[in-house]
Amino acid sequence: MTAIPFLLLILATLAGYVLNRMAARTIRDNGARLHSMTSYHGLYSALMVLVPVLTIILLWLVLEGSVIDRMVMSGLPDGMLDGQGTGAVQLVLAEIKSISRGQIFGTPEDWKLAAAERYSALRAQADWWMIAVVAIVALAILVFARSRVSAEFRARQGVEHIVSGLMIFCSTVAIFTTIGIIVSLSFETVRFLDRVPLTEFLFGLNWEPQIPLREDQIAAEGAFGWIPVILGTIVITVVALLVAVPVGLFSAIYLNEFAPRKLRATIKPVLEILAGVPTVVYGFFAILVVAPAIRSFGQSLGVDVAPNTALAAGGVMGIMLVPFISSFADDALSAVPGALRDAALGLGATRAEMMTTVLFPAAIPGIVGGVLLAVSRAIGETMIVVMAAGLIAKMTINPLDSVTTVTVQIVTLLIGDTSFDNPKTLAAFALGMMLFLVTLMINVFALRIVRKYREAYD
Amino acid sequence: MSDITSAPGAPTPKSSTELVAASLKRRHRKEARLKWIGLGAIGVAFLMLAILVGSLVSSGWQAFTQTHVTLEVFVDPEEIPEERLPRGGFDDALGASLGRMLPEADMSQRAVRKSVERILSNGAQFKLRDMVVADPALIGKTISMRVPVSDPYDQLNKNLIDRNTPEQNRRVKDNEIAFFDALKAQGAISKPLNWALFTNADSRFPELAGLKGALAGSFWALLTCFLISFPLGIGAAIYLEEFAPKNKLSDFIEVNINNLAAVPSVVFGLLALAVFIGWFGLPRSAPFVGGLTLALMTMPTIIIATRAALKSVPPSIREAALGLGASKQQVVFQHVLPLAMPGVLTGTIIGLAQALGETAPLLLIGMNAFITSAPSSPFDSATALPTQIFIWADSPERGFVSRTSAAILILLGFLVAMNAVAIYLRQKFEKKW
Numbered sequence: 001m002t003a004i005p006f007l008l009l010i011l012a013t014l015a016g017y018v019l020n021r022m023a024a025r026t027i028r029d030n031g032a033r034l035h036s037m038t039s040y041h042g043l044y045s046a047l048m049v050l051v052p053v054l055t056i057i058l059l060w061l062v063l064e065g066s067v068i069d070r071m072v073m074s075g076l077p078d079g080m081l082d083g084q085g086t087g088a089v090q091l092v093l094a095e096i097k098s099i100s101r102g103q104i105f106g107t108p109e110d111w112k113l114a115a116a117e118r119y120s121a122l123r124a125q126a127d128w129w130m131i132a133v134v135a136i137v138a139l140a141i142l143v144f145a146r147s148r149v150s151a152e153f154r155a156r157q158g159v160e161h162i163v164s165g166l167m168i169f170c171s172t173v174a175i176f177t178t179i180g181i182i183v184s185l186s187f188e189t190v191r192f193l194d195r196v197p198l199t200e201f202l203f204g205l206n207w208e209p210q211i212p213l214r215e216d217q218i219a220a221e222g223a224f225g226w227i228p229v230i231l232g233t234i235v236i237t238v239v240a241l242l243v244a245v246p247v248g249l250f251s252a253i254y255l256n257e258f259a260p261r262k263l264r265a266t267i268k269p270v271l272e273i274l275a276g277v278p279t280v281v282y283g284f285f286a287i288l289v290v291a292p293a294i295r296s297f298g299q300s301l302g303v304d305v306a307p308n309t310a311l312a313a314g315g316v317m318g319i320m321l322v323p324f325i326s327s328f329a330d331d332a333l334s335a336v337p338g339a340l341r342d343a344a345l346g347l348g349a350t351r352a353e354m355m356t357t358v359l360f361p362a363a364i365p366g367i368v369g370g371v372l373l374a375v376s377r378a379i380g381e382t383m384i385v386v387m388a389a390g391l392i393a394k395m396t397i398n399p400l401d402s403v404t405t406v407t408v409q410i411v412t413l414l415i416g417d418t419s420f421d422n423p424k425t426l427a428a429f430a431l432g433m434m435l436f437l438v439t440l441m442i443n444v445f446a447l448r449i450v451r452k453y454r455e456a457y458d
Numbered sequence: 459m460s461d462i463t464s465a466p467g468a469p470t471p472k473s474s475t476e477l478v479a480a481s482l483k484r485r486h487r488k489e490a491r492l493k494w495i496g497l498g499a500i501g502v503a504f505l506m507l508a509i510l511v512g513s514l515v516s517s518g519w520q521a522f523t524q525t526h527v528t529l530e531v532f533v534d535p536e537e538i539p540e541e542r543l544p545r546g547g548f549d550d551a552l553g554a555s556l557g558r559m560l561p562e563a564d565m566s567q568r569a570v571r572k573s574v575e576r577i578l579s580n581g582a583q584f585k586l587r588d589m590v591v592a593d594p595a596l597i598g599k600t601i602s603m604r605v606p607v608s609d610p611y612d613q614l615n616k617n618l619i620d621r622n623t624p625e626q627n628r629r630v631k632d633n634e635i636a637f638f639d640a641l642k643a644q645g646a647i648s649k650p651l652n653w654a655l656f657t658n659a660d661s662r663f664p665e666l667a668g669l670k671g672a673l674a675g676s677f678w679a680l681l682t683c684f685l686i687s688f689p690l691g692i693g694a695a696i697y698l699e700e701f702a703p704k705n706k707l708s709d710f711i712e713v714n715i716n717n718l719a720a721v722p723s724v725v726f727g728l729l730a731l732a733v734f735i736g737w738f739g740l741p742r743s744a745p746f747v748g749g750l751t752l753a754l755m756t757m758p759t760i761i762i763a764t765r766a767a768l769k770s771v772p773p774s775i776r777e778a779a780l781g782l783g784a785s786k787q788q789v790v791f792q793h794v795l796p797l798a799m800p801g802v803l804t805g806t807i808i809g810l811a812q813a814l815g816e817t818a819p820l821l822l823i824g825m826n827a828f829i830t831s832a833p834s835s836p837f838d839s840a841t842a843l844p845t846q847i848f849i850w851a852d853s854p855e856r857g858f859v860s861r862t863s864a865a866i867l868i869l870l871g872f873l874v875a876m877n878a879v880a881i882y883l884r885q886k887f888e889k890k891w
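So the sequences go chain by chain: A and B.
1 is the number of the first residue of the first sequence in our numbering; add one for each residue after it.
459 is the number of the first residue of the second sequence in our numbering; add one for each residue after it.
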């Protein structure tokens, strides 16, 4: 059914193109001088149809579902949903939908059957309405566009206007995405802060997001202090940097100064492979190889190592970050003007001395920027820690212990659970908000350092 | 000067050449040390890459074959009467045929019968059922069929279970090993290529689990991602690079795009969950929603690559076209963009390759559900390749370890292929001006 409007859209677009182009051609063949080429007349009509009608179809498809849901639910007999939580209402809706698809389990109440019938009827009606609306709008635009064809009509300008509008729309999508992130996160965060005071969230030392599922269930009250979570994130980030920074920096120094050109040309792409490996693969690598290796090594020394130690997750994350840091450092070293290098070598410094006393200090701002970007990567990295780090928040900085991170908590709080009014779900959004803010600040700061430094030498 | 100040008897001061010469050895040693540390660092990175790939290959290659057993199944009309199809005692028919091949097993004992039947995969009876339902004339006949064995026996056959471990620590007991060895001695056991890995969707049983659903889900998600991010990204890039006035708004858009490229992927998942699923009411677990989310993440990559490609087209092309009377848009769309296309495509493919490996946002929109059928449209529930890897990595059954590695090898294969295409495009079509 949804294919028909799209088919209509394509037909109308083609028809617009052909009709207007033919009309323009007739005018030209009759001896008039056209302002625009005939293909622009065709394109004008095609775009005039395509843009609004496509917008209508997409909006319709996006909104249809929730509008029909609302109509069905408000059409239910009074008192059926009184005092029920959102979860229960969602369940009723899902049941009505599955009945309307013909999947009936047990014997549903009569009002549900009636609602299902109403649902199917509304859906069918909505489909027909959409086809009708699309056909009428397309036809009206076709007639309008056709009526504008004349020798003087500036079709090319018209087309270019529409195209510029489209391009401006495309570039604002990035803004809308950012706005969407900020609005959706803050919306849920505010709802979270209604239930949990801000001071408890920011300064609480306990993170136990277990909420009783039923009224009578005996469970912890649930504590939402994010300090232990952020502490775990910091531990893993530090471990990752302890691996990535030395390895990355020394690789960059070697590649930049000592490696023969041919060797460099092969080493660099191979290092980049490390950056291209999906993080879920690193996560599996951590649980399959690294964590057991660390554990058995620890046991051979008589040290007690947790099965999901921060060391394994952080170490593997460090490997992932090596190419990131090495390419940033390489760029920073290359950006130092050749004159500084030549001067140091001319004064008799060895290449190592030139590197450690001149080139490297001069490149430090750029390198720091790269390391900061790596920090923000490490904080935001999800799959490695979800698979290899722990779930329980502990106030510890022992890398051999199991710690949890912000991203782990976001994922575990949201997997499976769906209702949007649960403090657990909202807590995930609050954590997401903090994650977004922290990484955003680091990114802005780091990009500013990198840019400033580049300008200083340009 | 020195001959005046130097007192007689004092050691003659060394010339600076001598001083340098004396320290030269130490300094060269230092240089060599720095060089070796650098090489060592690269060596560490390479070693890690080698261990990563090596461990995946060594645990994953086993999953590309699957142990099967060839059976002569008598489709007993007593057990499987035609009028009751598609119901019937298919498992009993299979068990009986195994029993006939194992004369030493006392099939009248319930425990023995159970352990013999456990050799076969749970999917074997459904395979037989489908054959019989498709052709009811088979009832009453003896058919020869090859069915997968269950996971423990597959592991046994691949020598992944050590026969020397004490019996109570082993998943297959001594008598069960004896049954299996008897079957093997009769030549009934074979280890063909594991096509089920590609033709089956997910399953609770490792020997039946496959990637069809995940591959289809990833396909739909990537298709959606491409259809949305490619036009939007190119449009935005052209506007920003060629038309945008230099003002606050375009600066703001630029900063925005650069920041979006660095926002953690899990945040995009939160956005998708709250906006696409929560507010727009789009279905959970649908590849379409996954594709939308991935499109938002891929767009900055495409924009940045397209802008770089547009920038590299020399101004002489633009000036020539403008001089011949083309409008600014004609210049861009008819001359600059076609010349920049190889760079744009390279960037797009690299962006899509990143999107293919992206996991976290897909987890949040529910593409980690257990779904046993492949999606037929982008709106059906599905998993994707990376989320399937995550699900399997979390599964307790031993057989899923090698399958996870195999799935990762397949994912990496796709990534390598996509990047190879991108590199080929770059080298073949990119012009140096």
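Glycine included, each C-beta is placed from N, C-alpha and C at the ideal position.
I'd like to know whether the C-beta atoms of Ala12 (chain A) and Val49 (chain A) end up nearer to each other than 8 Å. Taking the first residue of the first sequence as 1, we reach residue 12 (chain A) at position 12. Taking the first residue of the first sequence as 1, we reach residue 49 (chain A) at position 49. Yes, the pair counts as a contact, with Cβ atoms nearer than the cut-off.
With three or more C-beta pairs closer than 8 Å as the rule, is the segment 717 to 733 of chain B touching the segment 407 to 415 of chain A? yes
Closer than 8 Å to chain B by CB, Phe6 (chain A): Reading the first sequence from its first residue, position 6 is the one you call residue 6 (chain A). Output row for Phe6 (chain A): interface = no.
Could you give the residue range of the alpha helix (DSSP H) that holds Glu160 (chain A)? Position 160 of the first sequence, counted from the first residue, corresponds to residue 160 (chain A). Element bounds for Glu160 (chain A): Ala155 to Arg195.
Rounded to the nearest angstrom, what separates Ser555 (chain B) and Gln846 (chain B) at their Cα positions? Taking the first residue of the second sequence as position 1, residue 555 (chain B) is located at position 97. Taking the first residue of the second sequence as position 1, residue 846 (chain B) is located at position 388. For Ser555 (chain B) and Gln846 (chain B), the distance between alpha carbons rounds to 35 Å.
Asp549 (chain B) versus Arg377 (chain A) - alpha carbon distance: For this step, residue 549 (chain B) is matched to residue 91 along the second sequence. For this step, residue 377 (chain A) is matched to residue 377 along the first sequence. In a straight line, the C-alpha of Asp549 (chain B) is about 53 Å away from that of Arg377 (chain A).
Look at the alpha carbon of Ser464 (chain B) and the alpha carbon of Gly248 (chain A), and state the distance between them as a whole number of angstroms. Stepping through the second sequence from its first residue, residue 464 (chain B) is reached at position 6. Stepping through the first sequence from its first residue, residue 248 (chain A) is reached at position 248. With a pLDDT of 49 at Ser464 (chain B), under the threshold of 50, the modelled position of that residue is not reliable, and no figure is offered here.
Measuring CA to CA, which of A:Phe176, A:Ala313 and A:Leu372 is closest to Val235 (chain A)? Mapped onto the first sequence, residue 235 (chain A) falls at position 235. Ranking the options by Cα distance to Val235 (chain A), first place goes to A:Ala313.
Taking just the CA atoms, how far does Ile538 (chain B) sit from Leu431 (chain A)? In the first sequence, counting from the first residue as 1, residue 431 (chain A) sits at position 431. In the second sequence, counting from the first residue as 1, residue 538 (chain B) sits at position 80. The alpha-carbon atoms of Leu431 (chain A) and Ile538 (chain B) are separated by roughly 58 Å.
Go ahead and label Pro594 (chain B) buried or exposed: buried means 16 or more other beta carbons lie within 10 angstroms of its beta carbon, across all protein chains shown. Position 136 of the second sequence, counted from the first residue, corresponds to residue 594 (chain B). Pro594 (chain B) should be labelled exposed.
Compare the C-beta of Met825 (chain B) against all C-beta atoms of chain A and say whether one is closer than 8 Å. Position 367 of the second sequence, counted from the start, is the residue given in the question as residue 825 (chain B). No - not a single Cβ of chain A is within 8 Å of the one on Met825 (chain B).
What do you reckon, are the CB atoms on Arg28 (chain A) and Leu34 (chain A) nearer than 8 Å? Counted from its first residue, the first sequence places residue 28 (chain A) at position 28. Counted from its first residue, the first sequence places residue 34 (chain A) at position 34. Yes, these two residues count as a Cβ contact at 8 Å.
Rounded to the nearest angstrom, what separates Arg448 (chain A) and Leu7 (chain A) at their Cα positions? Position 448 of the first sequence, counted from the start, is the residue given in the question as residue 448 (chain A). Position 7 of the first sequence, counted from the start, is the residue given in the question as residue 7 (chain A). Straight-line Cα distance between these residues: approximately 49 Å.
Mind the definition here: the segment 574 to 584 of chain B touches the segment 668 to 676 of chain B only if three or more C-beta pairs lie below 8 Å; say whether that holds. no
Expected contact under 8 Å - CB spacing of Gly380 (chain A) and Leu729 (chain B) to nearest Å: Numbered from 1 along the first sequence, position 380 holds the residue referred to as residue 380 (chain A). Numbered from 1 along the second sequence, position 271 holds the residue referred to as residue 729 (chain B). Contact doesn't hold; Cβ gap of about 14 Å is too wide.
Terminal residues of the continuous alpha helix (DSSP H) containing Thr55 (chain A)? Within the first sequence, the letter at position 55 stands for residue 55 (chain A). Start and end: Thr38 to Ser74.
Minimum Cβ-Cβ distance from Asp69 (chain A) to chain B less than 8 Å: Within the first sequence, numbered from 1, the residue matching residue 69 (chain A) stands at position 69. Closer than 8 Å to some Cβ of chain B, the Cβ of Asp69 (chain A) qualifies, so yes.
With a CB to CB cut of under 7 Å and the five nearest residues on each side skipped, what residues in its chain are close to Ser912 (chain B)? Because chain B in this structure spans residues 459 to 891, residue 912 (chain B) falls outside the shown range and cannot be described.
When the Cα atoms are used, what is the spatial distance from Leu263 (chain A) to Ile392 (chain A)? Along the first sequence, read from residue 1 onward, the residue named residue 263 (chain A) stands at position 263. Along the first sequence, read from residue 1 onward, the residue named residue 392 (chain A) stands at position 392. C-alpha separation (whole angstroms): 46 Å.
By DSSP's criteria, Ser602 (chain B) is part of a beta bridge. Which residues make up the other side? In the second sequence, residue 602 (chain B) corresponds to position 144, counting from 1. Beta-bridge pairing links Ser602 (chain B) to B:Glu530.
Write down the C-beta distance between Ile325 (chain A) and Gly366 (chain A) rounded to the nearest angstrom, noting that I regard them as a contact closer than 8 Å. Walking along the first sequence from the start, residue 325 (chain A) turns up at place 325. Walking along the first sequence from the start, residue 366 (chain A) turns up at place 366. Wrong, their Cβ atoms sit about 11 Å apart, outside the cutoff.
Would you mind listing the alpha helix (DSSP H) stretches within the segment 802 to 867 of chain B that are 4+ residues and don't spill past its ends, in chain order? 818 to 822 and 843 to 852
Closest by CA to Phe192 (chain A), which one among A:Leu54, A:Val159, A:Phe224 and A:Ile162? Counting from one through the first sequence, the residue named residue 192 (chain A) turns up at place 192. For the residues A:Leu54, A:Val159, A:Phe224 and A:Ile162, the minimum Cα distance to Phe192 (chain A) belongs to A:Phe224.
Keeping to the same chain, check which residues put their C-beta closer than 8 Å to that of Met459 (chain B); ignore five residues upstream and five downstream. As a working mapping, residue 459 (chain B) is identified with position 1 in the second sequence. Only weak support is given to the placement of Met459 (chain B): the predicted model assigns it a pLDDT of 45, under 50, and the value that follows is read from those uncertain coordinates. Hits under 8 Å: none found.
Along the alpha helix (DSSP H) that carries Gly546 (chain B), what are the first and last residues, could you check? Indexing the second sequence from 1 puts residue 546 (chain B) at position 88. No alpha helix (DSSP H) holds Gly546 (chain B); DSSP gives it neither H nor E.
Endpoints, the alpha helix (DSSP H) within which Ser251 (chain A) is located: The residue labelled residue 251 (chain A) in the question sits at position 251 within the first sequence. Residues Ile227 to Ile253.
Comparing alpha-carbon positions, which option in B:Ile692, B:Val790 and B:Lys472 lies nearest Val802 (chain B)? Translated into positions along the second sequence, residue 802 (chain B) becomes position 344. Checked all of B:Ile692, B:Val790 and B:Lys472; the closest Cα to Val802 (chain B) is B:Ile692.
Counting C-beta neighbours from all protein chains within 10 Å, is the total for Ala286 (chain A) 16 or more, i.e. buried, or is it exposed? Residue numbering aside, residue 286 (chain A) sits at position 286 when the first sequence is read from its first letter. Counting Cβ neighbours within 10 Å, Ala286 (chain A) comes out buried, since at least 16 surround it.
For Leu231 (chain A), which option in A:Phe203, A:Asn256 and A:Pro209 has the closest C-alpha, if you only look at C-alpha atoms? Against the first sequence, residue 231 (chain A) aligns to sequence position 231. If we check each option's Cα against that of Leu231 (chain A), A:Phe203 comes out closest.
Below 8 Å between beta carbons: does that hold for Gly557 (chain B) and Ala563 (chain B)? Residue numbering aside, residue 557 (chain B) sits at position 99 when the second sequence is read from its first letter. Residue numbering aside, residue 563 (chain B) sits at position 105 when the second sequence is read from its first letter. Cβ distance < 8 Å, so Gly557 (chain B) and Ala563 (chain B) count as in contact.
Quick one: is Asn652 (chain B) buried, meaning 16 or more other Cβ sit within 10 Å of its Cβ, or exposed? Position 194 of the second sequence, counted from the start, is the residue given in the question as residue 652 (chain B). So Asn652 (chain B) counts as buried.
Give me the residue from A:Thr237, A:Ala374, A:Asn443 and A:Val322 with the minimum Cα distance to Ile267 (chain A). Against the first sequence, residue 267 (chain A) aligns to sequence position 267. Comparing Cα positions, the closest option is A:Val322.
Taking only three categories from DSSP, how would you classify Val92 (chain A)? One-based indexing of the first sequence puts residue 92 (chain A) at position 92. Here Val92 (chain A) sits in helix by DSSP.
How would you list, in chain order, the residues of chain A whose beta-carbon sits under 7 Å from the beta-carbon of Gln787 (chain B)? The residue given as residue 787 (chain B) occupies position 329 in the second sequence. What Gln787 (chain B) touches in chain A: Glu160 and Val163.
Ile647 (chain B) - DSSP class collapsed to helix/strand/coil: Here the question's residue 647 (chain B) lines up with position 189 in the second sequence. Ile647 (chain B) falls in the strand class under three-state DSSP.
Can you check whether the C-beta of Tyr882 (chain B) is within less than 8 Å of a C-beta belonging to chain A? By 1-based counting over the second sequence, the position of residue 882 (chain B) is 424. No, because no Cβ of chain A sits closer than 8 Å to the Cβ of Tyr882 (chain B).
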